[in-house]
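*Asks:*
In full-length UniProt numbering, the protein residues as written are 1 to 75.
1. Kindly indicate which three-state DSSP category residue 19 falls into: helix, strand or coil?
2. Going straight from the alpha carbon of residue 17 to that of residue 27, what length do you get?
3. What first and last residue would you give for the beta strand (DSSP E) that runs through residue 70?
4. Quick check: the Cα distance between residue 40 and residue 55, rounded to an integer number of angstroms?
5. Could you tell me the distance, in whole angstroms, from the CA atom of residue 63 to the CA atom of residue 29?
6. Might you give, ordered along the chain, the residues of its own chain that have their beta carbon closer than 6 angstroms to the beta carbon of residue 33, omitting 5 neighbours on each side?
7. For the beta strand (DSSP E) holding residue 42, just list the boundary residues, first then last.
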């Protein structure tokens, strides 16, 4: 809580870095979004079919990472 306003105060200094491994998926288009594209993210390729997704949470709550391959949702 903020001492001056008694309102919740949140500052994120945490990078979230999930790994995506699509090596066995074959050729195709991999797309990644966080909270339906509302949260900026950075995708770093780590070699054929592997990447790291980095984003910084802007507020407390639930963050959903959507991964699609050739237009189909990956679960």
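Backbone N, C-alpha and C fix where the C-beta goes; we use that ideal spot for every residue, glycine too. These figures come from a predicted structure and were not determined experimentally.
*Replies:* By the coordinates alone:
1. strand
2. 24 angstroms
3. Per DSSP, residue 70 belongs to no beta strand (DSSP E) and is neither H nor E.
4. 6 angstroms
5. 23 angstroms
6. 66
7. First-last of the beta strand (DSSP E) with residue 42: 42 to 47.
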